[in-house]
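Q:
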Amino acid sequence: MKLYYAPGACSLASHIALRETGADFDLEKVDTGTGKTETGAAYAEVNPKGYVPALKLDDGTVLTEGAAILQFIADGAAANAPKLRLAPAAGSRDRVHLQEHLNYVASEIHKSFSPFFASEPPAKSDDDPAFAKLVKRLDYVEDLLSDGRTYLMGDEFTVADAYLFTVANWAHPLGIGLDRWPNLAAFVERISARPATRAAMQAEGLIQ
Ligand SMILES: N[C@@H](CCC(=O)N[C@@H](CS)C(=O)NCC(=O)O)C(=O)O
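In my numbering, the protein residues as written are 1076 to 1283.
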């Protein structure tokens, strides 16, 4: 299987999850600006949506949408994946809670960060509506983590943590201090110290 990614983009969550499972996979870097992959291939032929991540399976099937890919990885991308419990069992109530987290990270946090990557980003000030929205979305996870839980779902690391880490970590390159969200800041530190996270970030050239 092959993960199409862009360094530090939301595809990092899928990359971390793959490394958590010990799955055998290849990486292909995508320049979403030019639409070309590092081998010179037209990325639109892999994923007509044009964005990362995409996961191409050995039978040629291409999976898209980070939240779906993460659950695929948790459910069985490697033989030992189900044992690792990176997602609660499909059909369980907890699985729905995981999907709530994945969807919240995708549609509320991830997309609230997006305007800050634009060539003319909004002001990082509480008076700015885009920034105020991001603050509100991060306030929610700060509150959730304030009960002392280690991970979004409690004591067990899941693929939702890989995704929340990936997007919350964007605060650093964007110059948005996480000091006002101390529980989230500690969460980001915790996930960044995991061997799979470090290995994925090293492979993407984000850390030494
Ligand atoms: N709905 C998609 C969104 C993925 C997405 O926003 N990918 C960004 C990187 S974080 C991207 O490739 N942007 C380039 C583009 O949209 O052309 C998902 O959840 O996987």
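Even for Gly, the Cβ is constructed at its ideal location relative to N, Cα and C.
Tell me the rounded alpha-carbon separation between Q1283 and P1270.
A: When rounded, the distance between both Cα atoms is 13 Å.
Q: Taking only three categories from DSSP, how would you classify K1111?
A: DSSP places K1111 in strand when its eight states are reduced to three.
Q: Does ligand 1 have a heavy atom nearer than 7 Å to the CB of Y1126?
A: Indeed, a heavy atom of ligand 1 lies less than 7 Å from the Cβ.
Q: Is T1107 close to ligand 1? I mean its beta-carbon at under 7 Å from any heavy atom of the ligand.
A: Yes, the beta carbon of T1107 sits closer than 7 Å to at least one heavy atom of ligand 1.
Q: Is it the case that the Cβ atoms of A1246 and L1239 are separated by a distance below 8 Å?
A: For A1246 and L1239, no; Cβs fall outside 8 Å.
Q: Given a cut-off of 8 Å on the beta-carbon distance, is the pair I1148 and T1107 in contact?
A: Cβ atoms of I1148 and T1107: not closer than 8 Å.
Q: Can you round the beta-carbon distance between A1207 and D1201 to whole angstroms, since I take them to be within the 8 Å contact cut?
A: A1207 to D1201, Cβ: 6 Å. Contact.
Q: In chain order, what residues of the same chain have a beta carbon less than 6 Å from the beta carbon of S1221, not counting five sequence neighbours either side?
A: So the qualifying residues of the chain are N1258.
Q: Using CA coordinates, which residue listed in F1100, A1143, L1173 is at the minimum distance from M1228?
A: Checked all of F1100, A1143, L1173; the closest Cα to M1228 is L1173.
Q: How big is the Cα-Cα spacing for G1250 and K1131?
A: The alpha-carbon atoms of G1250 and K1131 are separated by roughly 34 Å.
Q: Exposed or buried, S1089, counting other C-beta atoms within 10 Å across all chains shown (16 or more means buried)?
A: Buried, by the Cβ-count rule.
Q: Going by beta-carbon coordinates alone, are E1279 and P1082 separated by less than 8 Å?
A: Closer than 8 Å, so yes.
Q: Thinking C-alpha only, which one of P1204, A1117, L1102 is nearest F1191?
A: When only C-alpha atoms are compared, the closest one is P1204.
Q: Using a Cβ-Cβ cutoff of less than 7 Å, which residues in the same chain neighbour V1210 once the five nearest sequence positions on both sides are dropped?
A: Once the five neighbours on either side are set aside, the close Cβ partners of V1210 are D1201.
Q: So, with DSSP's three-state summary, where would you put V1105?
A: In this structure, V1105 counts as strand in the three-state DSSP scheme.
Q: DSSP three-state label for K1124, please.
A: K1124: coil per DSSP, three-state reduction.
Q: Express the C-alpha separation of R1255 and A1116 in angstroms, rounding to a whole number.
A: Rounded to whole angstroms, A1116 to R1255 spans 43 Å at the Cα level.
Q: Going by DSSP, name the residue or residues bridged to T1139.
A: Bridge partners of T1139: A1129.
Q: According to DSSP, is G1229 helix, strand or coil?
A: Residue state, collapsed to three classes: strand.
Q: Quick one: does the C-beta of G1141 sit closer than 7 Å to a heavy atom of ligand 1?
A: Yes, Cβ of G1141 sits closer than 7 Å to a heavy atom of ligand 1.
Q: Kindly indicate the opening and closing residues of the alpha helix (DSSP H) around K1208.
A: Counting along the chain, the alpha helix (DSSP H) containing K1208 begins and ends at 1204 to 1220.
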